[in-house]
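Residue 111 in this note's numbering sits at position 109 of the sequence shown, with consecutive numbering throughout.
Encoded as structure tokens, the structure appears first; notes follow it.
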Amino acid sequence: MRTIVALLFVLRSCVSEMLVLQTRNNDNKPFSLEDRPTASENQVEEQRVLLQELRAIVTQQSAKLNEMGATVEELKGDNRERPKVAFSASLAESKGPNSEDVILAYKHVFNNVGDAYSPVTGVFRAPVKGVYYFTYTAFTAKSKKRRVSLFKNTQLMVTVTDDVSDSEDGGSNGVTLQLDAGDEVYTRLMEGFHIFDDNNHHSTFTGFLLFT
């Protein structure tokens, strides 16, 4: 609104100045009422100029809106193309102690977006290169000891452990990992240790893609 008012003021000043110059340079002839534009003619000219200015502004704003629309569509396309990977599952049953290390297969799947986690093997296989976050919980009962480690391929990353024979206890751990497509992440119950779970889902395994 301030811009439009200022524009009107400038336009009116320009028209007035043009009228004065025309009067002074009209072959020194006496200025007559016939030579002066009528008030209605001045208003029509001002409105015509203002309309042209407004049309230019509308055209400029329309171009900006079109650019913004194109940017929004581009962002939507990027979001559709970005892979969506996330899973969460619980063990659903107790395991151990065993005479050797075993990979834990979390069979009760809460969600498995992207189908990168296998409830049969317990292994998550990265579908794309990127940074992922993983977390898991391990619960024990009946004064049994617990040690569960998370692995990237064959490399141990983090561990939840409790060697004290409490009546029951729980623990959790998490880690952010840079993975290549095809890398595997899983948890392993270490030899001689126990993990507890039931329908209350105490022991869980969760992971998701942060960014590529």
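Just so you know, even glycine gets a beta-carbon here, dropped at the ideal spot from N, CA and C.
Approximately 6 Å separates the beta-carbon atoms of aspartate 199 and glutamate 95; this is inside 8 Å, confirming the contact.
Within the segment 50-108, the complete beta strand (DSSP E) runs of at least 3 residues fall at 88-92. Restricted to the segment 118-164, the beta strand (DSSP E) segments that are unbroken, complete and at least 3 residues in length are 132-143, 148-154, 157-164, listed in chain order. Straight-line measurement puts the Cα of glutamine 62 at about 13 Å from the Cα of methionine 70.
Assignment of beta strand (DSSP E) within the segment 169-209, counting only whole runs of 3 or more residues, yields 170-181, 186-191 in chain order. Segment contact: the segment 183-196 against the segment 95-107, three or more CB-CB distances shorter than 8 Å; contact assigned.
Within the model, the alpha-carbon separation for histidine 110 versus valine 74 is close to 39 Å.
Around the C-beta of glycine 184, fewer than 16 other C-beta atoms lie within 10 Å, and the residue is accordingly described as exposed. Remark: fewer than three beta-carbon pairs, one from each stretch, lie closer than 8 Å, so the segment 140-148 and the segment 112-122 are not flagged as touching. Looking at the DSSP output, asparagine 114 shares a beta bridge with Phe89. If you draw a straight line from the Cα of isoleucine 105 to the Cα of glutamine 157, it is about 13 Å long.
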